[in-house]
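**Student:** Submitted below is the structure of interest, expressed as structure tokens.
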Amino acid sequence: MTALSSDLLTRQANLLLILASPISPAGGVGGKRRDRVLTLDNMNPNVKRVEYAVRGPIVQRAVQIEKELKAGVKKPFTEVIKANIGDAQAMGQKPITFLRQVLALCSYPELLEDKKFPEDAKKRAQRILEACGGNSIGAYSASQGIECIRQDVARYIERRDGGIPSNPDNIYLSTGASDAIVTILKLLVCGEGCDRTGVMISIPQYPLYSAALADLGAVQINYYLDEDNCWSLDVKELRRALSAARQHCNPRVLCIINPGNPTGQVQSRQCIEDVIRFAKEEHLFLMADEVYQDNVYAEGCKFYSFKKVLFEMGPEYSSTVEMASFHSTSKCYMGECGFRGGYMEVINMDPEVKAQLTKLVSVRLCPPIPGQALLDLVVNPPQPDEPSYTTFMKERTAVLATLAEKASLTEQIFNTVPGITCNPVQGAMYTFPRITLPQSAIDKAKEAGQAPDMFYCMRLLEEEGICLVPGSGFGQREGTFHFRMTILPPTEKLKVVLQKICEFHLRFTQEFS
1 MTALSSDLLT RQANLLLILA SPISPAGGVG GKRRDRVLTL DNMNPNVKRV EYAVRGPIVQ
61 RAVQIEKELK AGVKKPFTEV IKANIGDAQA MGQKPITFLR QVLALCSYPE LLEDKKFPED
121 AKKRAQRILE ACGGNSIGAY SASQGIECIR QDVARYIERR DGGIPSNPDN IYLSTGASDA
181 IVTILKLLVC GEGCDRTGVM ISIPQYPLYS AALADLGAVQ INYYLDEDNC WSLDVKELRR
241 ALSAARQHCN PRVLCIINPG NPTGQVQSRQ CIEDVIRFAK EEHLFLMADE VYQDNVYAEG
301 CKFYSFKKVL FEMGPEYSST VEMASFHSTS KCYMGECGFR GGYMEVINMD PEVKAQLTKL
361 VSVRLCPPIP GQALLDLVVN PPQPDEPSYT TFMKERTAVL ATLAEKASLT EQIFNTVPGI
421 TCNPVQGAMY TFPRITLPQS AIDKAKEAGQ APDMFYCMRL LEEEGICLVP GSGFGQREGT
481 FHFRMTILPP TEKLKVVLQK ICEFHLRFTQ EFS
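Residue numbering for the sequence shown follows the UniProt record's numbering, beginning at 1 and increasing consecutively.
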């Protein structure tokens with residue numbers, strides 16, 4: 001026997017011994033336990049502090065119930081209505097024809113020869129493809145985004161803001177607005193102990209912010225919106241929150257959501273001016289989350305971008321206040337959540353910091369190209385002299401008009417029920433009504449280890465099949481209880497949902513009175 005064959009037989013014998021050895025639950029062999037490298041005790045503690053109520057326990061239970069219904073388990077309802085998240089197309093909203101036509105052409109360029117597609121859609125698709133590597137949306141782009149799309153975004157901002165200049169070099173395309181928000185926060189968070197970065201966020205807030213701050217180990221500074229005045233923002237409250245926070249951290253950032261999520265308010269121009277003055281006086285970086293800028297319904301309300309107001313306040317502010325603003329393809333009339341398209345514009349950012357920002361986004365290579373293409377169509381829609389214009393405007397107008405109708409309907413119906421108080425839904429696509437709960441229900445919830453409004457929403461899910469998000473997941477003043485509900489279900493289904501919630505509330509209140 002040669003040395004080579006002898007060595008081969010030895011290896012085979014060792015392999016058989018390993019395969020024949022008992023395997024312990026911990027993954028070791030021969031019955032010996034091997035400690036895991038990663039455990040709950042030694043994982044990143046910041047991750048364990050992250051909570052995201054919009055997809056939290058109540059949504060997980062909703063998914064389980066859906067599976068039970070499919071398996072034939074009898075329930076008092078036949079479907080789960082997920083009114084917990086602003087996912088328009090999941091709720092039945094139809095895609096805008098022009099957007100999908102161009103995306104289809106970009107995805108399968110052979111369709112450019114198909115006469116069913118309008119010429120303006122084909123021209124848009126060809127322009128986007130020519131800007132892509134290999135004329136394919138399957139190629140990477142520049143990390144900051146495709147240049148011609150960033151140029152289109154800059155022109156869109158200029159039109160929106162009445163001609164105030166926008167530089168494409170200050171535009172960063174992103175994987176939805178969420179990705180850009182987290183990226184900016186990464187740049188801003190630093191320091192240790194009392195010098196750790198503090199970030200001011202509204203309460204109620206969109207849980208992305210609290211989750212990102214927990215993940216980054218930043219200090220969350222809560223300022224409360226005024227529920228009694230339609231969730232308005234008062235600079236006095238900003239000063240109170242800032243003064244208290246300076247005792248234990250270094251406040252550097254002020255986040256504003258306008259129109260509001262989850263509260264649906266639209267900030268007045270005067271309020272925006274006051275916020276900008278406050279940010280300048282207190283040397284704060286402004287983050288303006290404006291993803292619902294087309295979703296304004298209430299009479300007398302109008303969307304003003306923070307950038308427009310900033311520049312109209314003059315050089316004292318426009319040349320000094322540092323700001324990033326964010327927009328997305330997921331909301332407004334588009335509702336294209338799954339494509340994950342978005343952008344941010346940075347203003348007055350230090351050039352050396354901006355270079356670091358560009359480096360940071362390059363680590364992720366680039367945002368999804370289909371999302372970038374979709375964003376280009378949102379900021380550069382069909383024009384009056386183009387064949388797709390009439391259909392596009394008809395569809396866009398219909399979506400926004402229907403949302404306005406449902407916003408009014410939701411407020412009216414909720415306010416007919418004792419124990420439910422609903423502010424006007426001025427904008428965005430949610431309502432955040434206040435619910436009065438009997439003390440015995442509050443006590444029962446505490447016995448179960450749940451927040452009272454979580455207890456309420458879980459009961460609603462189990463009894464009516466309606467999935468909402470408890471207000472405790474967004475933050476609220478001590479002793480108050482709310483839930484967030486999207487107004488996205490089709491009008492007739494929304495009426496059913498509202499009726500069921502109202503009937504449940506009366507039944508729940510009666511049970512615990």
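Positions of the beta carbon are idealized from the N, C-alpha and C atoms, including for glycine. Since this is a predicted model, take the numbers as computed values, not measurements.
So what does DSSP say about I133, is it helix, strand or coil?
**Tutor:** In the sequence on display, residue 133 carries Gly and not Ile. Residue state, collapsed to three classes: helix.
**Student:** For C502, does the three-state DSSP call read helix, strand or coil?
**Tutor:** Note: C502 maps to helix in three-state DSSP.
**Student:** Does the separation of the CB atoms of V102 and A131 fall below 7 Å?
**Tutor:** No, the Cβ-Cβ distance between V102 and A131 is not below 7 Å.
**Student:** Checking the sheet assignment: what are the DSSP bridge partners for E345?
**Tutor:** BP columns for E345 point to I171 and S325.
**Student:** Which whole-angstrom value is the C-beta distance of L225 and I201, which I expect to be below 8 Å?
**Tutor:** So it is not a contact: roughly 11 Å between Cβ atoms.
**Student:** Please report how far the alpha carbon of H505 lies from the alpha carbon of V497, in whole angstroms.
**Tutor:** Distance between the alpha carbons of H505 and V497 is about 12 Å.
**Student:** So, with DSSP's three-state summary, where would you put S232?
**Tutor:** Note: S232 maps to strand in three-state DSSP.
**Student:** May I have a chain-ordered list of the beta strand (DSSP E) segments no shorter than 3 residues that lie completely inside the region 444-504?
**Tutor:** Taking only runs of at least 3 residues, the beta strand (DSSP E) segments lying wholly in the region 444-504 are 483-486.
**Student:** By the 10 Å Cβ neighbour count, where 16 or more other Cβ atoms means buried, how is G473 classified, buried or exposed?
**Tutor:** Classification of G473: buried, given that the 10 Å Cβ count is 16 or more.
**Student:** Assuming G92 contacts N295 under a Cβ cut-off of 8 Å, what Cβ separation, rounded to an integer in Å, is found between them?
**Tutor:** With a Cβ gap of about 17 Å, G92 and N295 do not count as contacting.
**Student:** Could you compute how far the alpha carbon of C366 sits from the alpha carbon of K446?
**Tutor:** Spanning the two alpha carbons is a distance of roughly 46 Å.
**Student:** If you measure between the beta carbons of Y172 and M344, is that distance less than 7 Å?
**Tutor:** Against a cut-off of 7 Å, the Cβ pair of M344 and Y172 comes out as a contact.
**Student:** Taking a contact to mean a Cβ-Cβ separation below 7 Å, would you say R477 touches F432 in this structure?
**Tutor:** Cβ atoms of R477 and F432: not closer than 7 Å.
**Student:** Just to confirm before moving on: does the CB-CB distance between D120 and P382 stay below 7 Å?
**Tutor:** Yes, they are a contact pair.
**Student:** Where does the unbroken alpha helix (DSSP H) through V275 begin, and where does it stop?
**Tutor:** Start and end: R269 to E281.
**Student:** Within this structure, are the beta carbons of D215 and N250 separated by less than 7 Å?
**Tutor:** Cβ distance not < 7 Å, so D215 and N250 don't count as in contact.
**Student:** Go ahead and pull the three-state DSSP assignment for T421.
**Tutor:** Here T421 sits in strand by DSSP.
**Student:** If we count the other Cβ atoms within 10 Å of its Cβ and call it buried at 16 or more, is V59 buried or exposed?
**Tutor:** Looking at its Cβ environment, which holds 16 or more other Cβ atoms inside 10 Å, V59 is buried.
**Student:** Measure the CB-CB distance between L357 and R252 and report whether it falls below 7 Å.
**Tutor:** Not in contact: L357 and R252 (Cβ atoms no closer than 7 Å).
**Student:** Where does P25 land, buried or exposed, given buried means 16+ other C-beta within 10 angstroms?
**Tutor:** Because the pLDDT of P25 is 49, which lies under 50, any placement of that residue in the model is unreliable, and the number read from its coordinates should be weighed accordingly. P25 should be labelled exposed.
**Student:** Among L494, I157, V63 and G56, which one has its Cα closest to the Cα of K307?
**Tutor:** Of the candidates L494, I157, V63 and G56, the one whose C-alpha sits nearest the C-alpha of K307 is I157.
**Student:** Of all the options R246, P368 and Q499, which has the alpha carbon lying nearest to the alpha carbon of N140?
**Tutor:** The residue you asked about is not Asn; residue 140 is Tyr in the sequence shown. Answer by Cα proximity: P368.
**Student:** Short check: CB of Y430 to CB of G264, under 7 Å?
**Tutor:** Yes, these two residues count as a Cβ contact at 7 Å.
**Student:** Assuming T491 and E405 are in contact, meaning their beta carbons sit under 8 Å apart, how far apart are those beta carbons, in whole angstroms?
**Tutor:** Right, the Cβ-Cβ distance comes to about 7 Å (below 8 Å), so this counts as a contact.
**Student:** In or out: A3 buried (at least 16 other Cβ within 10 Å) or exposed?
**Tutor:** Low confidence applies to A3: its pLDDT is 48, below 50, so where it sits in the model is not reliable, and the reading given next is rough at best. A3 comes out exposed.
**Student:** Using a threshold of 7 Å, state whether the C-beta atoms of A241 and Y223 are closer than that.
**Tutor:** Going by C-beta atoms, A241 is nearer than 7 Å to Y223.
**Student:** Find out if the Cβ-Cβ distance for the pair F481, D443 is shorter than 7 Å.
**Tutor:** No, the pair does not count as a contact, with Cβ atoms beyond the cut-off.
**Student:** Counting pairs of beta carbons, one from the region 272-283 and one from the region 313-327, are three or more of them closer than 8 Å?
**Tutor:** Output reads yes: the region 313-327 touches the region 272-283.
**Student:** On the criterion of 16 or more Cβ atoms from any shown chain inside 10 Å, does R150 qualify as buried, or is it exposed?
**Tutor:** Flag for R150 reads buried.
**Student:** Rounding to the nearest angstrom, what Cα-Cα distance links K123 and E147 in this structure?
**Tutor:** So the two alpha carbons sit approximately 17 Å from each other.
**Student:** Tell me the DSSP bridge mates of Y430?
**Tutor:** According to DSSP, which records beta bridges pairwise, Y430 is partnered with T486.
**Student:** First and last residue of the alpha helix (DSSP H) that includes P207?
**Tutor:** P207 -> alpha helix (DSSP H) spans P207 to L216.
**Student:** From this set, V37, I96, L40 and I65, which residue's C-alpha is nearest T391's C-alpha?
**Tutor:** Ranking V37, I96, L40 and I65 by Cα distance to T391 puts I96 first.
**Student:** Compute the distance between the beta-carbons of K331 and V379, then report whether it is under 7 Å.
**Tutor:** Their beta carbons are not under 7 Å apart, which means K331 does not touch V379 by this criterion.
**Student:** Three or more C-beta pairs closer than 8 Å, one from the region 336-355 and one from the region 108-115: is that the case here?
**Tutor:** With the cut-off at 8 Å, the region 336-355 and the region 108-115 do not touch.
**Student:** So what's V296 in DSSP terms, helix, strand or just coil?
**Tutor:** In the structure shown, V296 sits in a strand (DSSP, three-state: E or B).
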